[in-house]
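Participant: A single structure is presented below for examination.
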Amino acid sequence: MKKKESELRVAVIGSGPAGLMAADVISSHGISVIIFDQNKAPAKKLLIAGSSGLNVTNSDKLENFHSHYKGSEKFFQNIFKVFSPADWISYLHTLKLETFVGTSRRVFIKDMKASKLVRNWLEKLKNQIVQFKKSHRLVDFENINEKITCKFEME
383 MKKKESELRV AVIGSGPAGL MAADVISSHG ISVIIFDQNK APAKKLLIAG SSGLNVTNSD
443 KLENFHSHYK GSEKFFQNIF KVFSPADWIS YLHTLKLETF VGTSRRVFIK DMKASKLVRN
503 WLEKLKNQIV QFKKSHRLVD FENINEKITC KFEME
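So for the sequence shown, my numbering puts the first residue at 383; every next one is plus one.
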């Protein structure tokens, strides 16, 4: 029997940008999400990396964007067809963040720091009833009868 979306529960491991985005997309469909992170505060690495200027993407034309990445050109072209740099910038605007293009063609958040990005993103997730479990380091998981169970070490 297939579960309703409201009965599903999803664990997201890590509160970096990919984890926060995954939690946002999943929870926006009414699915219960818990983010587990080994750090004591969410998005710690993002805050550290973005403490003195936050470059969030590049303003290159979409057809050239794959050149910023190593690996299969076709692979990255397919990814950017689904979620483009322009989509990412639009998403940042939904978080009430202003962006600008610098002389290097890189796109920055106007405040030049990650703190506002993280604060606004976490607020959005909390409004979507996403739960956070800090100081949880994933050590193992198992699949029993198509139910995944995660095992954590906690500080």
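Ideal Cβ positions, reconstructed from N, Cα and C, are used throughout, including at glycine.
Just so we're clear, the structure is a prediction, and the values are computed from it rather than from any experiment.
Do Ala400 and Ile626 have their beta-carbon atoms positioned less than 9 Å apart in this structure?
Facilitator: Coverage of the chain is limited to positions 383 through 537, which leaves residue 626 absent and any answer about it impossible.
Participant: Could you check what DSSP says for Met536 in three-state terms: helix, strand or coil?
Facilitator: Within the sequence shown, residue 536 is the residue found at index 154, counting from 1. Three-state result, Met536: strand.
Participant: Going by other Cβ atoms of all chains shown within 10 Å of its Cβ, with 16 needed for buried, is Phe490 buried or exposed?
Facilitator: Numbered from its first residue, the sequence shown carries residue 490 at position 108. Under this definition Phe490 is a buried residue.
Participant: Relative to the ligand ZN, is the shortest distance from any of its heavy atoms to the C-beta of Glu535 smaller than 8 Å?
Facilitator: Summarising the ligand content, the structure contains no ligands, and the ligand ZN is consequently not present.
Participant: Cβ of Ile335 within 9 Å of Cβ of Val438?
Facilitator: Since the first residue of the chain shown is 383 and the last is 537, residue 335 is not available in this structure.
Participant: Please report the distance separating the alpha-carbon of Asp442 from that of Pro467.
Facilitator: In the sequence shown, counting from the first residue as 1, residue 442 sits at position 60. In the sequence shown, counting from the first residue as 1, residue 467 sits at position 85. The straight-line gap from Cα to Cα measures roughly 9 Å.
Participant: If you run the structure through DSSP and keep just helix, strand and coil, what is Gln420?
Facilitator: For this step, residue 420 is matched to residue 38 along the sequence shown. Reduced to three states, the DSSP call for Gln420 is coil.
Participant: Which first and last residues belong to the beta strand (DSSP E) in which Glu505 is found?
Facilitator: On the sequence shown, residue 505 is found 123 positions in, with the first residue counted as 1. Glu505 -> not in any beta strand (DSSP E); alpha helix (DSSP H) instead, spanning Ala496 to Asn509.
Participant: For the structure I just gave you, are there three or more beta carbon pairs, one from the segment 499-516 and one from the segment 409-427, closer than 8 Å?
Facilitator: These segments touch.
Participant: Can you give me the start and stop residues for the alpha helix (DSSP H) that Ala400 sits inside?
Facilitator: The residue given as residue 400 occupies position 18 in the sequence shown. Element bounds for Ala400: Pro399 to Ser409.
Participant: Determine the direct distance from the alpha carbon of Ser497 to that of Met536, and round the result to whole angstroms.
Facilitator: In the sequence shown, residue 536 corresponds to position 154, counting from 1. In the sequence shown, residue 497 corresponds to position 115, counting from 1. Taking the straight line from one Cα to the other gives about 26 Å.
Participant: For Leu479, which three-state DSSP category applies?
Facilitator: As a first step, residue 479 must be located in the sequence shown, where it is residue number 97. Residue state, collapsed to three classes: coil.
Participant: How many whole angstroms separate the CB atoms of Leu479 and Asn509, which I take to be in contact at a CB cut-off of 8 Å?
Facilitator: On the sequence shown, residue 479 is found 97 positions in, with the first residue counted as 1. On the sequence shown, residue 509 is found 127 positions in, with the first residue counted as 1. Leu479 to Asn509, Cβ: 16 Å. No contact.
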